[in-house]
Each structure stands twice: as structure tokens, then as C-alpha cells.
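Let me begin by presenting the structure, written as C-alpha cells, before commenting on it.
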Amino acid sequence: MTDLFLKTEDLGRLIASVRDGGARFIAPSTDARQTAFKEVSGADEVVSDYILATNSYKEFLFPQTEVISTHKVMKDSVELKGVELEAQGTVIFGARPCEAASLAALGAVFTWDFVDEFYTKREADTVVIAVACTRGDDACFCTTVGLSPDATAGVDVMFKEADGGWAVARLTDKGSTFVEKHKDVFEKTACAPKPLFYPEKIKGVDVEKIKERLSNKGHYEDPVWPELARKCIGCGACTFTCPTCHCFDIIDEGTAYEGERRKNWDACQFDHFTLHASGHNPRDTQYKRWRNRFMCKFKFYPDKFSSKGCVGCGRCIRVCPVRLDITEVMEEMSKLP
Amino acid sequence: MNNIYLPHLMTIEDIYEEAPDVRTFSLAFKDRALADSFAFKTGQFGLYSAFGLGESTFCIASPPTRKHGIQCTFRKSGRVTGGLAGLSIGDTMGFRGPYGNWFPLDEWKGKDIVFIAGGIGLPPVRSVIWNVLDRRDEFGKITIVYGAKTVADLVYKSELALWDERGDVTLVQTVDPGGESPDWKGKIGFVPTVLEEAAPSPVNAVAVTCGPPIMIKFVIKALGKLGFADEAIYTTLENKMKCGVGKCGRCNVGDVYICKEGPVYTAAEIKKMYDDF
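If you read the protein sequences in the order shown, they are chains A and B.
Using the working numbering, you'd call the opening residue of the first sequence number 579 and step up by one each time.
Using the working numbering, you'd call the opening residue of the second sequence number 2 and step up by one each time.
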């Protein structure tokens, strides 16, 4: 229902209302001269003229580092304690519809068979307020992967920019509950939203066709892979900013007698990622690691979890220090016979 | 909260030196109820913790037919295995598991079984061997081909002697050229070659192999030459893992998650995978 309106000057009231309820309010804000998602306490900290925050908001559901257990090694025993996560209510404001669609991918991997409650508990307590895109840049390609500037997957409440504020639509039960809880700040007036920014669909790219091409095992050794990935330096920035990348490491920190076990983000682009103790490494060169990431997005994820592995947000393109553009690889893959 | 990453505590009850830097631990659950209820199938694996250093993935090297706890065998080669190697009898370590699929022993009833292992690849195969030997009447001829780089690197030396003494097992041992000792009585040569010379019959038979990836590749070729169908060749793909439960994203071979859909596969299944070993 799009019968509600939030005035620009009332965003501060919404933030206060959310924070009064004990939840954290995450929004695009200025961090080291860039626009990034972080917790804000007032409307003056919220940036509105952004295309996309530099970081994905996945870090509020799946932190870059988190303690999963603590241990004390004593003379005759070990005291081991699992972390009891007290998930805090979280409101993500200003997500773009592309990255909201990534929740399906994260949810799938963290719940198939074994359920990672560190993720599910946080996700259950998170409300995603997306703001439909009225601006974009040439790295945006949501329309090429089947999404749009007002796609609804993963979005609880959709905001659309209008003169003097936002038109508000409740898309899920969670969204309705949220709006109901903070109903005082919204007004019951319909309004005309501003026109949206639709990135041009990349000609000659069809993700369904890419999936088919990747099914052909002959293409796995195609010389195009080392050629395309030649300039990749394996920095892993694409994976850290990607809203669907979920790979992590489990490591112990502390002294020999007392410490904690942590889940830390890891990246398939790092050379140690798949290194065996014997020295054997199934992905011993950078192009193999890059190929794995591309296939994970366009073949493995869609097949395994029926979810999008790539949502077209373009973060990996913007952040790549060597300008390795995933859409160029999509074009090349679409050309394969 | 159900924490899928939280290990069980285990006591090291015994330690066996198998080869230079290779050790076997006998482990018992500290939790009595768990010790009674714990069940696994041959081929499954677990994650073993050295607290303060982290977790490593190994198979369960003992057979499910021997009820008292579990055993694991590992080579000291990094941070975690180095930490484990520093533990003594009576010390505490962690275990999560069992994870993954298993060898379908019930489908093998009445068949001959050929085991082929290389180096530190014997532990997962050893679990199957003892499981089969503990149910000896249900299977046909048993052949074991085992090799290592050098005589010193052969693991489970006392059990090799036990298998050798048995009248109902054919054991062929080999070491790589140059790895023999003056009193070595076994073969000298690489495992795939020695396997071809031993020429076990493929008729109504299955083969089980584990070793370095390069050895597995050539063993599968050799078994093909001997007439074994790809569907009758089983192996276990022990890839690098951190979570063991399909989340951390590093054990995949193409679209196959080894930790959840494996680690046990037939050669027929492996040939369908992307070449990502």
C-alpha cells in the first residue's frame, strides 16, 4: 500500500522513534569521505544524494568478524562457552533494491540443512527500508540481471523519493508491523514519486544464456578465462563489498590459555583460501579463483539455491583497483558458443 | 541458541606415533550421554580443535564397528596440527561432526573389495577396511594396495602387519623408488603401477581409494584399464574446509560442496564434476 508519506524533516523523528525502541538505525552516512552504511543517531548524519553506499549492509547481519565461542585452557580441562547471541533490532534505511535482493542468497546458504543462527537471528530482527533509485552511474546493471530500481525482493518497506519526502509502501508483514509501530511519524497522503533511474540493459548479455554456457564443461578450460582475469591482483575487494559474498574463515585468537573463536570474512580470491596442508592447491592461479567467483554468481548459486548470485549493484566494478569489470566478462561469456 | 560451530569436548585417551610427524589419537567424549548416543558411518569426517589455534578437518579414521570413541590420524603440517601434536594423553581437544556422506557398505555385500591408498590417504580407507573386516563374512575377496614415499612414511605399521598375517586379506605394500630400506620386503614403485601389476579382478568388485589428488587420478585410470567401471570406484575428496556444514564456501569443486554432498564419490560422479581439484 502506497498511501503513506514521510516528510524529509520527519526522518529524524523516525530515527528517534526506532532508537527509543532499542533498535539501531543504519543508514548511508559519511565515513572517511565516502558514503557508507553505519549506525546513525540523527537525520543530520544521513546522506541522501548517494548512488549506493560503498559497503554492503550485509555486515550488519553477517559481521566482518564475530566471536562464536570462548575457551579457557586449564591444566586438566578446557572451559568452552558458545556465544549466546542477543540479536539487536536493526533498521536498515536507504538500502537499494538491488542489494536487498541479496538477502535471499545469504539466507539460502546460511540455512540449507544446518542453520547458522548467528545470521538468522539477526536477519529475523532486521527491517529493510529500501529507497528506490532516482540516480545511478555506469556501474549499475540491475536491469541486466532481472532486477529494477524498485525491485521488491528482500524489501520490507519501500520508500520512493517525492517532493518534500518519500512515498512509503509496506511490502511485507514485517514492514507493516514496523510502520504500525512508528505510525505517528508518517502522514496519510498519497503523492507522486519522482521518476526512477533505469540502467540501460547491457546489449548481448543474457544471464540465462550465461548459465547455460557455464554448464558446458568444455568452456571451463576456455582460454578466455586466463585472458579475462589476467589483470586481477587478488585483493578480494570485490568479495568484501559484494552483498551476496558470504565466505568466511574460522580462527582462534588470544593466548595459548585463553581466547575466542571467531568467524571472519574470507575471500575466494585469496591464494590461501583453498590451499591444502599438503601444499596442493586446487585453485593455484588467480584466474581459477576469479573463474570460481564468476561461476558461483552465475551458475552455482542460481542452480543450487534458485537465487541470484549477482544483483547488479556494481560495487565490484567501482571498487576494483584494476578495473576488472564483471559486465565485460558477462559479455564475453554470452559470446561463447 | 543452537551454535552449529560449537565443538564437543573430547579427552585424548591414547596417542600412537605412526610415522614421522604422523600421529593417531584415540578420543573419548567428555559428555557421557553423547559418548553413548554418538553414531557415525564409515567415510564421514569431523573438525578437530586445538583450542587457541583453531580447527582442522580430518576423516574419522576408526570404524563405527569399534564403539569406544573415535580415532583420528593427522600429519603435523601447520598451525592447528602443530598444536594438536603438542597435546598429550589426558589433554582436552574439540570435535564437531560427524559430517558428510559415507561409503555404502550395504550395497557392497557379496562383492570383492580392493582398497588402494597412498601415504596419509590410508586413514579414511582404514575406517572402511576395519568396518569390512569386522563384518568379514558379508564380503568376498579383500585386497589392499598401500604405498608411501618411504618405508618410514607408511602409517598404521602394526595394523599392516595384522592384515598381512590374515589369510583372508591380500596386502600389497609399496614405496616410491628410493624410499626403500635395506630390509624392505615389499614392492618398489608408484601405487597406480603396483596396482596394475597386482591386477585384482573387476568382476563383482568395488574399489576404494584415497591418497594425494594426483595419485587418485592415476589410480582411477589404472582401475579403468583393469576393467573396473567408474560406478564401482569410490574415493573420498578431502578438500580444505573450515565450517564443514556448507557455509564457508571453500571446499566446492565447481558446483559440488564436498562437505555436504561428499566427501565420498564414485569415479563416475567425479568425472561429471568441473576440473577444479
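For each residue, glycine too, the CB sits at the ideal point set by N, CA and C.
Original post:
If we cut at 9 Å on Cβ distances, does residue 743 of chain A have a partner in chain B?
Top reply: Working through the first sequence from its first residue, we reach residue 743 of chain A at position 165. False, the Cβ-Cβ gap to chain B never drops below 9 Å.
Original post:
Alpha carbon to alpha carbon, how far is residue 585 of chain A from residue 885 of chain A?
Top reply: Along the first sequence, one-based indexing puts residue 585 of chain A at 7. Along the first sequence, one-based indexing puts residue 885 of chain A at 307. The C-alpha of residue 585 of chain A lies about 35 Å from the C-alpha of residue 885 of chain A.
**OP:** Look at the alpha carbon of residue 16 of chain B and the alpha carbon of residue 50 of chain B, and state the distance between them as a whole number of angstroms.
**Re:** Within the second sequence, residue 16 of chain B is the residue found at index 15, counting from 1. Within the second sequence, residue 50 of chain B is the residue found at index 49, counting from 1. A straight line joining the alpha-carbon of residue 16 of chain B with that of residue 50 of chain B spans about 16 Å.
**OP:** Check whether the Cβ of residue 255 of chain B lies closer than 9 Å to any Cβ atom in chain A.
**Re:** Along the second sequence, read from residue 1 onward, the residue named residue 255 of chain B stands at position 254. So, interface residue.
Original post:
Does DSSP classify residue 125 of chain B as helix, strand or coil?
Top reply: Walking along the second sequence from the start, residue 125 of chain B turns up at place 124. Assignment of residue 125 of chain B by DSSP, reduced to helix, strand and coil, places it in the helix class.
Subject >> Check whether residue 835 of chain A and residue 650 of chain A have beta carbons under 9 Å apart >> reply: Counting from one through the first sequence, the residue named residue 835 of chain A turns up at place 257. Counting from one through the first sequence, the residue named residue 650 of chain A turns up at place 72. Against a cut-off of 9 Å, the Cβ pair of residue 650 of chain A and residue 835 of chain A comes out as a contact.
Original post:
How should residue 647 of chain A be labelled, buried or exposed, when 16 other C-beta atoms within 10 angstroms of its C-beta is the threshold for buried?
Top reply: By 1-based counting over the first sequence, the position of residue 647 of chain A is 69. Buried, by the Cβ-count rule.
**OP:** Let me know if residue 167 of chain B comes out buried or exposed under the rule of 16 or more other beta-carbons within 10 Å of its beta-carbon.
**Re:** The residue given as residue 167 of chain B occupies position 166 in the second sequence. Classification for residue 167 of chain B: exposed.
**OP:** Determine contact between the stretch 102 to 113 of chain B and the stretch 78 to 91 of chain B, defined as no fewer than three beta-carbon pairs at a distance below 8 Å.
**Re:** In short, these stretches do not touch, since the Cβ pair count stays below three.
Original post:
Could you give the C-beta distance for residue 772 of chain A and residue 740 of chain A, rounded to a whole number, given that I count them as a contact under 8 Å?
Top reply: Working through the first sequence from its first residue, we reach residue 772 of chain A at position 194. Working through the first sequence from its first residue, we reach residue 740 of chain A at position 162. About 6 Å separates the two Cβ atoms, so the contact holds.
**OP:** Rounded to whole angstroms, what's the CA-CA distance from residue 83 of chain B to residue 628 of chain A? Just pull it up for me.
**Re:** The residue labelled residue 83 of chain B in the question sits at position 82 within the second sequence. The residue labelled residue 628 of chain A in the question sits at position 50 within the first sequence. Cα to Cα, the separation comes out at about 49 Å.
Original post:
Just reading off the alpha helix (DSSP H) that residue 898 of chain A is part of, what are its end residues?
Top reply: Within the first sequence, residue 898 of chain A is the residue found at index 320, counting from 1. Secondary structure note for residue 898 of chain A: it is in no alpha helix (DSSP H), with a DSSP letter that is neither H nor E.
Subject >> Residues in the stretch 5 to 24 of chain B having any Cβ partner in chain A nearer than 8 Å >> reply: Residues passing the 8 Å Cβ filter: 5, 6, 7, 8 and 10.
Original post:
Taking all protein chains shown into account, do 16 or more other C-beta atoms lie within 10 angstroms of the C-beta of residue 656 of chain A, making it buried, or fewer, making it exposed?
Top reply: For this step, residue 656 of chain A is matched to residue 78 along the first sequence. With 16 or more Cβ atoms within 10 Å of its Cβ, residue 656 of chain A is classed as buried.
Original post:
DSSP on residue 840 of chain A, reduced to helix/strand/coil?
Top reply: The sequence position of residue 840 of chain A within the first sequence is 262, counting from 1. Residue state, collapsed to three classes: strand.
Original post:
Do the stretch 721 to 738 of chain A and the stretch 612 to 623 of chain A make contact, defined as three or more Cβ pairs closer than 8 Å?
Top reply: The stretch 721 to 738 of chain A, when compared against the stretch 612 to 623 of chain A, does not touch it at the 8 Å Cβ threshold.
Original post:
Unbroken beta strand (DSSP E) runs of length 3 or more, entirely within the stretch 830 to 891 of chain A: which are they?
Top reply: The stretch 830 to 891 of chain A contains these whole beta strand (DSSP E) runs: 836 to 843.
**OP:** In the DSSP assignment, find the unbroken alpha helix (DSSP H) run with residue 728 of chain A in it and report its ends.
**Re:** In the first sequence, residue 728 of chain A corresponds to position 150, counting from 1. Where residue 728 of chain A is concerned, there is no enclosing alpha helix (DSSP H), given that its DSSP letter is neither H nor E.
Original post:
In chain A, what lies closer than 7 Å to residue 56 of chain B by C-beta?
Top reply: The residue labelled residue 56 of chain B in the question sits at position 55 within the second sequence. The contact set of residue 56 of chain B on chain A, defined by CB atoms closer than 7 Å, consists of 828 in chain order.
**OP:** Express the C-alpha separation of residue 237 of chain B and residue 124 of chain B in angstroms, rounding to a whole number.
**Re:** As a first step, residue 124 of chain B must be located in the second sequence, where it is residue number 123. As a first step, residue 237 of chain B must be located in the second sequence, where it is residue number 236. Rounded to the nearest angstrom, the gap between the Cα atoms of residue 124 of chain B and residue 237 of chain B is 11 Å.
Original post:
Do we get a CB-CB distance below 9 Å when we pair residue 217 of chain B with the residues of chain A?
Top reply: For the purposes of this step, residue 217 of chain B is taken as the residue at position 216 of the second sequence. Answer no: the Cβ-Cβ gap between residue 217 of chain B and chain A never drops below 9 Å.
**OP:** Scan the stretch 225 to 271 of chain B and note each continuous alpha helix (DSSP H) run of 4 residues or more that stays entirely inside, going in chain order.
**Re:** Within the stretch 225 to 271 of chain B, the complete alpha helix (DSSP H) runs of at least 4 residues fall at 259 to 262.
Original post:
What residues of chain A sit near residue 275 of chain B, judged by a beta carbon separation below 7 Å?
Top reply: Locating residue 275 of chain B in the second sequence gives position 274, counting from the first residue. Chain order gives the chain A residues near residue 275 of chain B as 795 and 798, where near means a beta carbon separation below 7 Å.
Original post:
Does the Cβ of residue 159 of chain B have 16 or more other Cβ atoms within 10 Å, making it buried, or fewer, making it exposed?
Top reply: Residue numbering aside, residue 159 of chain B sits at position 158 when the second sequence is read from its first letter. Per the 10 Å Cβ criterion, exposed.
Original post:
If you measure beta-carbon to beta-carbon, which residues of the stretch 643 to 673 of chain A are closer than 8 Å to chain B?
Top reply: Correct list: 646, 647, 649, 651, 654, 655, 656, 658, 660, 661, 662 and 663.
Original post:
Taking Cβ positions, are residue 846 of chain A and residue 893 of chain A nearer each other than 9 Å?
Top reply: In the first sequence, residue 846 of chain A corresponds to position 268, counting from 1. In the first sequence, residue 893 of chain A corresponds to position 315, counting from 1. With respect to residue 893 of chain A, residue 846 of chain A sits apart: the two C-beta atoms are not nearer than 9 Å.
Subject >> For residue 693 of chain A, three-class secondary structure by DSSP >> reply: Stepping through the first sequence from its first residue, residue 693 of chain A is reached at position 115. Reduced to three states, the DSSP call for residue 693 of chain A is coil.
Subject >> Residues of the stretch 875 to 888 of chain A whose Cβ lies closer than 8 Å to any Cβ of chain B, in chain order >> reply: Residues 877, 878, 881 and 882.
Original post:
Are the C-beta of residue 760 of chain A and some C-beta of chain B separated by less than 9 Å?
Top reply: If you number the first sequence from 1, residue 760 of chain A lands on position 182. No - not a single Cβ of chain B is within 9 Å of the one on residue 760 of chain A.
Original post:
Measuring CA to CA, which of A:712, A:743, A:636 and A:667 is closest to residue 732 of chain A?
Top reply: On the first sequence, position 154 is the one that residue 732 of chain A refers to. The shortest C-alpha separation from residue 732 of chain A is found at A:636.
**OP:** Would you tell me roughly how many angstroms separate the C-alpha atoms of residue 851 of chain A and residue 829 of chain A, rounded to the nearest one?
**Re:** The residue labelled residue 851 of chain A in the question sits at position 273 within the first sequence. The residue labelled residue 829 of chain A in the question sits at position 251 within the first sequence. When rounded, the separation of the alpha-carbon atoms in residue 851 of chain A and residue 829 of chain A is 13 Å.
Original post:
Three-state secondary structure (DSSP) at residue 18 of chain B?
Top reply: For this step, residue 18 of chain B is matched to residue 17 along the second sequence. Residue 18 of chain B: strand per DSSP, three-state reduction.
Subject >> Element boundaries [alpha helix (DSSP H), containing residue 82 of chain B] >> reply: Mapped onto the second sequence, residue 82 of chain B falls at position 81. Taken as a continuous stretch (DSSP letters only), the alpha helix (DSSP H) holding residue 82 of chain B covers 80 to 86.
Original post:
Would you call residue 767 of chain A buried or exposed, if buried means 16 or more other Cβ atoms sit within 10 Å of its Cβ?
Top reply: Position 189 of the first sequence, counting from 1, holds the residue named residue 767 of chain A. Exposed, since its Cβ has fewer than 16 Cβ neighbours within 10 Å.
Original post:
By Cβ distance below 7 Å, which residues in the same chain neighbour residue 581 of chain A in space, the five residues on each side in sequence not counted?
Top reply: One-based indexing of the first sequence puts residue 581 of chain A at position 3. Only 766 and 768 meet the Cβ criterion.
Original post:
Is the distance from the Cβ of residue 528 of chain A to the Cβ of residue 631 of chain A below 9 Å?
Top reply: This structure does not reach residue 528 of chain A, given that chain A is present from 579 up to 915, and the question cannot be answered.
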